[in-house]
Amino acid sequence: MNTVKRVLGVVWIILGLAAGYYLIGSQAIPQFTSGKSEDLVPAIIYTFILMPIITGGLCIFGWYALQGEYDD
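Sequential numbering of the sequence shown, starting at -19, is according to the working numbering.
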């Protein structure tokens, strides 16, 4: 079971990086470049608030699992 937790740690890290890439690439950049003022606020929220929380949380959780912090 501890091996499964460590393997899933790598999965969480990859998922965190993929979520950050998706949030910036598919959500924030198109809104920054749209030229509309109502798209600027969500783009800033995606980039500077949500992306660090989501990516950081998943990557830290994966790092702890990879290091064995959740072993029995």
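Cβ coordinates follow ideal geometry from the N, Cα and C atoms, glycine included.
What first and last residue would you give for the alpha helix (DSSP H) that runs through residue i?
i      : result
M31    : M31 to Q47
T(-17) : N(-18) to Y2
Q11    : I9 to F12
From this set, the options, which residue's C-alpha is nearest residue i's C-alpha?
i     : options               : result
L3    : N(-18), W(-8) and I29 : I29
G37   : L(-3), E49 and N(-18) : L(-3)
W(-8) : Y1, Y26, C39 and G5   : C39
So, at 6 Å on beta carbons, what are the nonlocal neighbours of residue i in its own chain, with the 5 sequence-adjacent residues on each side left out?
i   : result
Y50 : K(-15)
G0  : M31 and T35
In whole angstroms, give me the CA-to-CA distance for residue i and residue j.
i   : j   : result
I24 : L46 : 32 Å
Mind the definition here: the stretch 9 to 25 touches the stretch -13 to -5 only if three or more C-beta pairs lie below 8 Å; say whether that holds.
-> Counting C-beta pairs closer than 8 Å gives fewer than three between the stretch 9 to 25 and the stretch -13 to -5, which falls short of the contact rule.
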